[in-house]
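Chemist:
Numbering (mature numbering (1 follows the signal peptide of the UniProt record, and there is no 0)), first residue to last: -27 to -1, 1 to 931.
#1: Distance check for residue 876 and residue 854, CA to CA, integer angstroms please.
#2: List the whole-angstrom C-beta distance separating residue 359 from residue 337, where the pair is believed to meet the contact cut-off of C-beta under 8 Å.
#3: Rounded to whole angstroms, what is the Cα-Cα separation between residue 266 and residue 376?
#4: From residue 920 to residue 822, what does the alpha carbon distance come to, in whole angstroms?
#5: Considering only residues of the same chain and omitting the five flanking positions on each side of residue 396, which have a CB-CB separation below 7 Å?
#6: Tell me which residue opens and which closes the alpha helix (DSSP H) that residue 104 is part of.
#7: Could you pull the start and end residues of the alpha helix (DSSP H) that residue 80 belongs to?
#8: May I ask you to report which of helix, strand or coil DSSP gives residue 66?
#9: Kindly indicate which three-state DSSP category residue 52 falls into: helix, strand or coil?
#10: State buried or exposed for residue 469, treating a residue as buried only when at least 16 other CB atoms are found within 10 Å of its CB.
#11: How many whole angstroms separate the CB atoms of residue 590 and residue 665, which I take to be in contact at a CB cut-off of 8 Å?
#12: Quick check: the stretch 923 to 931 against the stretch 848 to 862, are there 3 or more CB pairs under 8 Å?
#13: In its own chain, which residues sit with a C-beta less than 6 Å from the C-beta of residue 757, not counting the 5 before and 5 after it?
#14: Can you determine whether any heavy atom of the ligand ADP sits closer than 7 Å to the C-beta of residue 678, and answer yes or no?
#15: Considering Cα atoms alone, identify which of 690, 199, 604 is closest to residue 702.
#16: Please work out which residues of its chain come closer than 7 Å, Cβ to Cβ, to residue 638, disregarding the five sequence neighbours upstream and downstream, and give them in chain order.
#17: Looking only at its own chain, which residues have a Cβ that is under 7 Å from the Cβ of residue 309, when we skip the five neighbours before and after it?
#18: Can you give the beta carbon distance from residue 746 to residue 688, rounded, assuming they're within the 8 Å contact cut?
#19: Does residue 99 come out as helix, strand or coil in the three-state DSSP assignment?
#20: Could you tell me whether the stretch 136 to 145 touches the stretch 92 to 111, using the rule of 3 or more Cβ pairs below 8 Å?
#21: Leaving out five residues before and five after residue 771 in sequence, what residues of the same chain have Cβ atoms less than 8 Å from its Cβ?
#22: Any idea if residue 295 is buried or exposed, counting beta-carbon neighbours within 10 angstroms, 16 or more meaning buried?
#23: Which residues share a DSSP beta bridge with residue 647?
#24: From 493, 451, 484, 455, pick the residue whose C-alpha is nearest to that of residue 471; which is it?
#25: Measuring only the C-alpha atoms, how far is residue 68 from residue 90?
#26: On the criterion of 16 or more Cβ atoms from any shown chain inside 10 Å, does residue 152 qualify as buried, or is it exposed?
#27: Locate the alpha helix (DSSP H) running through residue 138, then write down its first and last residues.
#28: For residue 625 versus residue 532, is the C-beta distance shorter than 8 Å?
#29: Just the Cα atoms here: how many angstroms apart are residue 449 and residue 524?
#30: Buried or exposed: where does residue 908 fall if 16 or more other Cβ atoms within 10 Å of its Cβ makes it buried?
#31: Give me, in chain order, the residues of the same chain whose beta-carbon lies closer than 8 Å to that of residue 203; leave out the 5 immediate sequence neighbours on both sides.
#32: Give me the Cβ distance between residue 255 and residue 238, rounded to the nearest whole Å; I'm assuming they're in contact under 8 Å.
#33: Rank 38, 498, 563 by C-alpha distance to the C-alpha of residue 187 and give the top, closest one.
#34: Note down, in chain order, each residue of its chain lying with its Cβ closer than 7 Å to the Cβ of residue 298, except the 5 sequence neighbours on either side.
#35: I'd like the ranges of any alpha helix (DSSP H) spanning at least 4 consecutive residues and lying wholly in the stretch 312 to 395.
#36: Pairing CB atoms from the stretch 898 to 905 with CB atoms from the stretch 860 to 872, are three or more of them under 8 Å?
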């Protein structure tokens, strides 16, 4: 499966952000067709964006395409699209310090496109004019000014000198166009529609971006590949390897708390880290020039390992930086954008660290820093040097508190108010500077000096306490209340001293106060299997998403297999193969998680952990006697899977004691599959286990004898012609994709998907010549691709349908499928699955792509079938049993509803089943009033075009 796609970096970011900027003009909500864009000049572009979920309308269903955008809103879009984060001081006369866009205006000023007006104002809430927008867009798109091209507009004489070149440049590219009268109207406000149109046209020329948006390993297994543009990784669980990126790399916020690995990757532009969790972003054997860390929520752990080289880290949010092996991190800059109270923890070898932020906490838990400088103005920070760690040269140009049992070689103190818990090896002070030694007190959020315990934790925290929290849910994502969690210090520490115990609340949430470090939490509750979570406590940053999934014990007749593992490799996957009721073999794994027979789930991967170290659970819900085989895949492909500490527990029935456990054998090797065991089920229960404990290079070998027959990726059809030699499927014209798929059959356990000719984009409308049908066998690896060949459309002379006459439906639970017949010459052909259907009133009766009509409410309508250039209208009547009630204003008057307009409504005496008086006629609103009814019990029946509905419920008139 491929999850790599190309797009324009800056433009696509703009599209995504149009619904993320906190201003009213782009209202939140689910994408839907807006009611006011039909016939608009930008309808095509707007509909496309709305359909893709890039824009949404207002709660009243409108989009308001001609609404203007303010200057501040426009600047925010530009900053976020182009990742402008550097700020410059601003002093605009009309900019209040509390204005929501102050930071955006600082970034716009630093980026050089927002200098304000000559009178010293910026006018942030004023709608941006078309000429102002042109200047900004030309600047950020890096186009050359072209004043000559601006002369094509009738009102070019009205263009300001400062905007003429920009308008011309954008017009020359086709990004901006004028009005029907040939004018540009430079002073008119830029509207939502105009903004969409400009960006839509600019996509083609934007710098290309390769996007990896799904878990997986990308890049060649050997050698290297080069990507000319930028790269965005927007999903957790991505490994990018053996790649040279000529542009920038973005680790997007959507990665959340997940992991990302770069292996032998060179980035020639900037690397921006906006997402990733406390379990880490890994740079292995990679070359990075500039890395910018800016995660909006929580802390992030970044590990440089192997031969990785990073020229500069710019840290703008709390982070844990680790340099392992022979990796080198030259310079670390703790930006002034770091919030007060932020925590940056480091372990390893660093050339220089420059602290530019105020009131932050910097911890060196192990390793050494050659020179650490606290810049002027960066006051009230705490520098913690753990036991065994060292700083060769320390320069304090602002007051700081230096704590911890590590060593300081040479200290130069140029600011009053600094203090040291321990004497430096040597110290030089500026003239008149006072320094306290042995009196260091917490500043910038407390102190916690100490050395490393091998897990990134400090072991002497000087009383400083922070912590973390999270939510515990079950595999159905429901909160688990009353879950006891016992925490032990250290990664994967399952039998050490318990340092804290908490219990989840009614919403499954917990919080724990612990000294900085990494902790293992043991989850215990009756009715659940004991499992574990990993939590990271970072000083002054409380991680609030240290979540976990609790695993309930299996039902009495179920068998559950639980897999867990350690930190590396980061992603192992469970695979179970076994017998089907029909004599075949099923395979449950991450790409095919559920095996069903009819509507009954037999086996499923009910929890697939992609963000931590398990557990993953595979459950046999309905046993089939026979042989089952369980194996584990090193999905991430990194390191030796024998070092993973993988552990398997097999539970039979509702017990918390496993029937069998397996631990991965240790040793060396490069195989990526570990087959743990085979299990024989007889009479619905486990009869025996056969220990395998073998490693294999290929999945077919890991599957053993059960793998035979799982590689069938052929497709057959009783509807369409298939040439298996050239792998072509011949279909008539105008066949909807869903109908086409319904006419194809794949081997048991195989999956079948229809794509456009590129083999990537799913086909959702009419099948076209050159489309691809991709069949993936039950093994999940073997695939076969067929090409669609559309035959010439026949000359259809007539269309008929069965059953004849109007289609009458009497309830909403009994749909009726029509049979559509096309006459070509003297030949009549069933084209039910090749036609296209639509209902004039889907609120009365709807029709699906296969010609099945379902009633919704009483009424009459027409559904149409289109094939071969002809349309057949099919009348449909929905006659549901009507409703009858006594009028609230007159006890002798009855009100009938749920009627077909114009239907005859007969009132019946329920005691004798005889009609009372003459029928009444249903009105346009589907109701009828029956006055002056004598005492008794009654029901009604509606009749329309000779068809009679069922009875209503009875009512009594007193």
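All C-beta atoms, glycine included, are put in the ideal place defined by N, C-alpha and C.
Remember, predicted model here, so these are calculated numbers, not experimental data.
Modeler: Looking at the coordinates:
#1: 12 Å
#2: 6 Å
#3: 25 Å
#4: 27 Å
#5: 410
#6: 103 to 113
#7: 75 to 84
#8: coil
#9: helix
#10: exposed
#11: Incorrect: roughly 20 Å between the Cβ atoms, too far for contact.
#12: yes
#13: 686, 748
#14: The ligand ADP is absent from the structure shown, which contains no ligands of any kind.
#15: 690
#16: 615, 666
#17: 329, 330
#18: 6 Å
#19: coil
#20: yes
#21: 795, 796, 843
#22: buried
#23: 605, 668
#24: 493
#25: 12 Å
#26: exposed
#27: 134 to 146
#28: yes
#29: 10 Å
#30: exposed
#31: -19, 180, 181, 182, 183, 218, 220, 221, 222, 223, 242
#32: At roughly 11 Å, the Cβ-Cβ gap does not stay under 8 Å, so residue 255 and residue 238 are not in contact.
#33: 563
#34: 278, 279
#35: none
#36: yes
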